[in-house]
Amino acid sequence: MVRVATRLLGTKSGTAIHRRLFAPIDTVLMRLTGGRVNSSFGRFPIVVLHTTGARSGVQRDVPVLYFTDGNDVILTASNYGRAKHPSWYYNLLKHPECELFAGGHSGHFVARPTVGTDHDRLVALAESWASNFSVYLARTNGIREIPMLRLTPTNQ
């Protein structure tokens, strides 16, 4: 099931379906269940990212895939391999303080973009973790570098 889903997310039609249908469902479903339930039925690590809008200042919730590196949460701003960075990326650049909800738990974090060897190592980890990430890298090659954000827990 996971292999089928990652192959589907590697296609333009699959990413469009996920972006327009499943991501909005996950936002509501995960918020209502405190991050316990999502459309992947636990097959993919998904968190609800709670940010402040970069221009509007409005609170925003968006489901995103993640992986961890030590105590830090790593988010890939792949935006399904589209030409532009996702909106939540700009939100975190302007307002790095955020909150994550997953598995019935929440936590406060501070986000920062990664650079150099740290960025390259996290890209390699993302490629080994999700086969569709290589497709996103190919789609953005020569257009933009996919940012990797490191979210460090705060002591709140």
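In this text, residue positions in the sequence shown follow the working numbering: the first is 3, and each later residue adds one. Ideal Cβ placement from N, Cα and C applies to all residues, glycine included. Here the structure is a predicted model, which is why all the values come from computation and not from measurement.
Check, Outcome
"Is the region 114-130 in contact with the region 44-63, if contact means three or more CB pairs nearer than 8 Å?", "no"
"Go ahead and label residue 2 buried or exposed: buried means 16 or more other beta carbons lie within 10 angstroms of its beta carbon, across all protein chains shown.", "As displayed, the chain neither begins before 3 nor continues past 158, which places residue 2 out of reach and without an answer."
"Keeping to the same chain, check which residues put their C-beta closer than 8 Å to that of residue 29; ignore five residues upstream and five downstream.", "50, 63, 64 and 65"
"What beta strand (DSSP E) runs, 3 residues minimum, are completely inside the region 89-127?", "99-104 and 107-115"
"So, helix, strand or coil for residue 148, using DSSP?", "coil"
"Going by Cα to Cα distance, which pick from 71, 112 and 144 is closest to residue 102?", "112"
"Round the Cβ separation of residue 153 and residue 31 to the nearest angstrom and send it over; I've been treating them as touching at under 8 Å.", "With 8 Å as the limit, residue 153 and residue 31 do not qualify as a contact, their Cβ atoms being about 22 Å apart."
"Does the contact criterion of 3 or more C-beta pairs under 8 Å hold for the region 109-123 versus the region 89-101?", "yes"
"Evaluate residue 151 with the Cβ neighbour count: other Cβ atoms within 10 Å of its Cβ, from every protein chain shown; 16 or more gives buried, anything less gives exposed.", "buried"
"On the premise that residue 109 lies in contact with residue 155, defined as a C-beta separation below 8 Å, what is that separation, rounded to the nearest angstrom?", "6 Å"
"Leaving out the 5 sequence neighbours to the left and right, which residues in its chain are closer than 6 Å to residue 56 when beta-carbon positions are compared?", "92, 93 and 96"
"Got a sec? Which residues, its chain only, sit under 8 Å from residue 25 by beta carbon, not counting five neighbours each side?", "64 and 65"
"What does the Cβ neighbour count give for residue 134, buried or exposed, with the cut at 16 atoms within 10 Å?", "buried"
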